[in-house]
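Trainee: A single structure is presented below for examination.
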Amino acid sequence: MSAAREPLRRVAVVGAGQVGVLAAIAIKRASPATDVLVVGTPIDPVAFADHIGTALPFTNRLHDRLGVGEEALVRRAGASHRLAMRYTGWAGPGSIGLTAYGGAVDPKLNSAFAREWGGGAHKAAGGAPAGSVGAALAEAGRFMPPGGEAPSPLAEVDYALRWNAPAYRDLLIGIAAQLGVRHHPGPVSAVQTTLDGGIAAIQLAGSDAVAADLLVDASGTAALLSAAQPDRRWIDWRGALPARSLAVAPPAAPRLDLADTIAFTDAGWCWEQAGRDGVTRFLAVPDDVSDAAVEAALGAPPADRFPIDAGRQEQPWTGNVVAIGDAAARFEPLAGVALDLAHRQIDLLLDLFPGRAIDPRERAEYNRRFALMADGARDWIASHYAAPAAAHRLAALERSPALDRMLDQFARRQRLPITEEATVSTSEWAALLHALGVPAQRSALSLAEGEASGRRAAAALDRKVAAALDAAPPYGAWIAHVLREG
1 MSAAREPLRR VAVVGAGQVG VLAAIAIKRA SPATDVLVVG TPIDPVAFAD
51 HIGTALPFTN RLHDRLGVGE EALVRRAGAS HRLAMRYTGW AGPGSIGLTA
101 YGGAVDPKLN SAFAREWGGG AHKAAGGAPA GSVGAALAEA GRFMPPGGEA
151 PSPLAEVDYA LRWNAPAYRD LLIGIAAQLG VRHHPGPVSA VQTTLDGGIA
201 AIQLAGSDAV AADLLVDASG TAALLSAAQP DRRWIDWRGA LPARSLAVAP
251 PAAPRLDLAD TIAFTDAGWC WEQAGRDGVT RFLAVPDDVS DAAVEAALGA
301 PPADRFPIDA GRQEQPWTGN VVAIGDAAAR FEPLAGVALD LAHRQIDLLL
351 DLFPGRAIDP RERAEYNRRF ALMADGARDW IASHYAAPAA AHRLAALERS
401 PALDRMLDQF ARRQRLPITE EATVSTSEWA ALLHALGVPA QRSALSLAEG
451 EASGRRAAAA LDRKVAAALD AAPPYGAWIA HVLREG
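With the UniProt record's numbering applied, the sequence shown has no gaps in its numbers, which climb one by one up to 486 at the end.
Encoded structure:
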């Protein structure tokens, strides 16, 4: 038998935002005997993964893995559920498309009848019903997470969570403290490197130098540890993602809504994120947009505006330093995808968790899979710009070979190739392209089966929708019940 690996003695996480603290919790859960130290860094307002309080459904499963309870998020962090995204103006003026989370989509709904029945882009006055159970619940304002004690008509409904970012971070800090994670307010005043490109120790203000077997760079766009490593390389994404700044409107009144809205405007995409503590509007602004157009798209003068320098680390795990979140990749933070990528990185680190002597194969595999994850997130955002209105408004953008292949398959077959480490499932991505109004021919299978197959699939969906609506209470009433019971 091979000898057990010596575990990590100490891990230093540099960055105490919501990304860094969750990473510390993950490491402490994976290796309780390891000394885990979180070091504070100056607040980075451009670190979108640290400041925007939402992600994608993957985060729910990571929370479960790490013991971050959804009920606690609802009661203590202002969390609410998002079942769908509403896309307006992407297929042209007045168009609306609704796409829900989850992979439970019958391919037969690609038929012409079923696409007209619901799920694709349509005019606001068209009255097309929702094309999935989640979308129907979002439109009706009815939902509660299904319990695990019995089969439920809500069981196939996937969802994302939104939360108040400072309250969420406070909740995580409490969990980290209970686990024995230590904290130093920082900042890092100096970095001591090694000859092989790693970091031997970090000097903390008012303290001795701290050595660690593994360091996690969660310091945001400053990438304080990564910047000290000369072998780091940056891959520029600005040719594929046109936004150069993110304008944020002043918070509006709170609103419970099971869908967020992303509108395409002449000033860029405008994401309206609903929430129990207020509605926030984000506008991703390309270079050639006037201040007046920004204000018109937001509906108010922006309260903040932050630069976007899109790209990623070529190898986020270099030496004994793993860069995560905005230290590893920066891009338009559409619909929570920035934090989703950071959370996938944390999960990947757990899957490839090293011992004190880091195996180069673990590092290489982490970097390979991160590249797939990050490039997939870039392509998911870039696929929005294939929508008719976006393609007309913006100059030709670069597309990766993978995205070109995906859009070609969708246009010819309404099917997408399976890709490793994709941000969303192929059925979700296809539903997104339908909602955006991206043109596509009917698949050969759909033509061969005729309209009857699509009608049967639509009728089956109609029955599922009716059962789900009957099982789900008004969402506001469910939230009120949970808060009363707490």
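Glycine is no exception: its CB is placed at the ideal position from the N, C-alpha and C atoms.
Quick one, are the C-beta atoms of residue 66 and residue 26 less than 8 Å apart?
Mentor: Yes, Cβ-Cβ distance for residue 66 and residue 26 is below 8 Å.
Trainee: Using the beta-carbon count (16 or more within 10 Å), is residue 354 buried or exposed?
Mentor: buried
Trainee: DSSP three-state call for residue 479: helix, strand or coil?
Mentor: Assignment of residue 479 by DSSP, reduced to helix, strand and coil, places it in the helix class.
Trainee: Rank 366, 207, 240, 383 by C-alpha distance to the C-alpha of residue 308 and give the top, closest one.
Mentor: 240
Trainee: Shortest alpha-carbon distance to residue 14 belongs to which of 439, 250, 199?
Mentor: The residue with the shortest Cα to Cα distance from residue 14 is 199.
Trainee: From the DSSP secondary-structure annotation, give me the bridge partner or partners of residue 307.
Mentor: 245
Trainee: How do the segment 37-50 and the segment 329-345 stand: do at least 3 beta-carbon pairs fall below 8 Å, yes or no?
Mentor: yes
Trainee: Please classify residue 441 as buried or exposed, where buried requires at least 16 other C-beta atoms within 10 Å of its C-beta.
Mentor: exposed
Trainee: Which residues in the same chain have their Cβ closer than 7 Å to the Cβ of residue 372, if we skip the five residues on either side of it in sequence?
Mentor: 420, 421
Trainee: Would you check if the segment 386-402 and the segment 417-436 touch, i.e. whether three or more CB-CB distances between them fall below 8 Å?
Mentor: The answer is yes - the segment 386-402 touches the segment 417-436, with three or more Cβ pairs under 8 Å.
Trainee: So what does residue 269 bridge to, in DSSP terms?
Mentor: 264, 284
Trainee: So, does the segment 249-259 touch the segment 211-218, judging by three or more C-beta pairs under 8 Å?
Mentor: Not touching, per the Cβ criterion.
Trainee: Do residue 35 and residue 9 count as a contact pair if the criterion is CB distance below 8 Å?
Mentor: yes
Trainee: Would you call the segment 465-474 and the segment 153-173 touching, i.e. three or more CB-CB distances under 8 Å?
Mentor: Touching, yes.
Trainee: Can you name, in chain order, every residue of its own chain whose Cβ lies under 6 Å from the Cβ of residue 171, other than the five neighbours on each side?
Mentor: 76, 77
Trainee: Can you check the segment 140-203 for any alpha helix (DSSP H) of at least 4 residues that lies completely inside it and give the ranges in chain order?
Mentor: 165-179
Trainee: Just reading off the alpha helix (DSSP H) that residue 366 is part of, what are its end residues?
Mentor: 360-384
Trainee: Just to confirm, is the Cβ distance from residue 267 to residue 289 under 8 Å?
Mentor: yes
Trainee: According to DSSP, is residue 388 helix, strand or coil?
Mentor: If DSSP states are grouped into helix, strand and coil, residue 388 belongs with the helices.
Trainee: At the level of alpha carbons, what is the spacing between residue 126 and residue 21?
Mentor: Note that residue 126 scores a pLDDT of 45, beneath 50, so its modelled location is shaky; the value from the coordinates is reported in the next line. Computed Cα separation, rounded: 46 Å.
Trainee: Tell me residue 215's beta-bridge partners as DSSP assigns them.
Mentor: 12, 321
Trainee: Helix or strand or just coil, what does DSSP make of residue 7?
Mentor: coil
Trainee: Would you decide whether residue 351 is buried or exposed? Buried here means 16 or more other CB atoms lie within 10 Å of its CB.
Mentor: exposed
Trainee: By a C-beta neighbour count over all protein chains shown, 10 Å radius and 16 as the cutoff for buried, is residue 418 buried or exposed?
Mentor: Around the beta carbon of residue 418, a 10 Å sphere encloses fewer than 16 other beta carbons of the protein chains shown; the residue is thus reported as exposed.
Trainee: Kindly indicate which three-state DSSP category residue 431 falls into: helix, strand or coil?
Mentor: helix
Trainee: Would you mind sorting residue 485 into buried or exposed? The rule is 16 or more other CB atoms within 10 Å of its CB.
Mentor: exposed
Trainee: Do residue 311 and residue 236 come within 8 Å of each other at the CB atom, strictly closer than that value?
Mentor: yes
Trainee: From 229, 69, 190, 54, pick the residue whose C-alpha is nearest to that of residue 174; which is it?
Mentor: 69
Trainee: My output table needs one value for residue 43: the three-state DSSP class, helix, strand or coil.
Mentor: coil
Trainee: So, with DSSP's three-state summary, where would you put residue 255?
Mentor: It is a strand residue.
Trainee: Give me the residue from 272, 56, 246 with the minimum Cα distance to residue 87.
Mentor: 272
Trainee: Going by beta carbon distance, what residues of the same chain come within less than 7 Å of residue 243, once the five residues before and after it are set aside?
Mentor: Once the five neighbours on either side are set aside, the close Cβ partners of residue 243 are 268, 284, 285, 286, 308, 332.
Trainee: Just the Cα atoms here: how many angstroms apart are residue 364 and residue 460?
Mentor: 46 Å
Trainee: Verify whether the separation of the beta carbon atoms of residue 58 and residue 344 is less than 8 Å.
Mentor: Yes, these two residues count as a Cβ contact at 8 Å.
Trainee: Helix, strand or coil for residue 62, going by three-state DSSP, please let me know.
Mentor: helix
Trainee: Report all residues from its chain with a CB closer than 8 Å to the CB of residue 30; omit the five preceding and five following residues, and keep chain order.
Mentor: 350, 353
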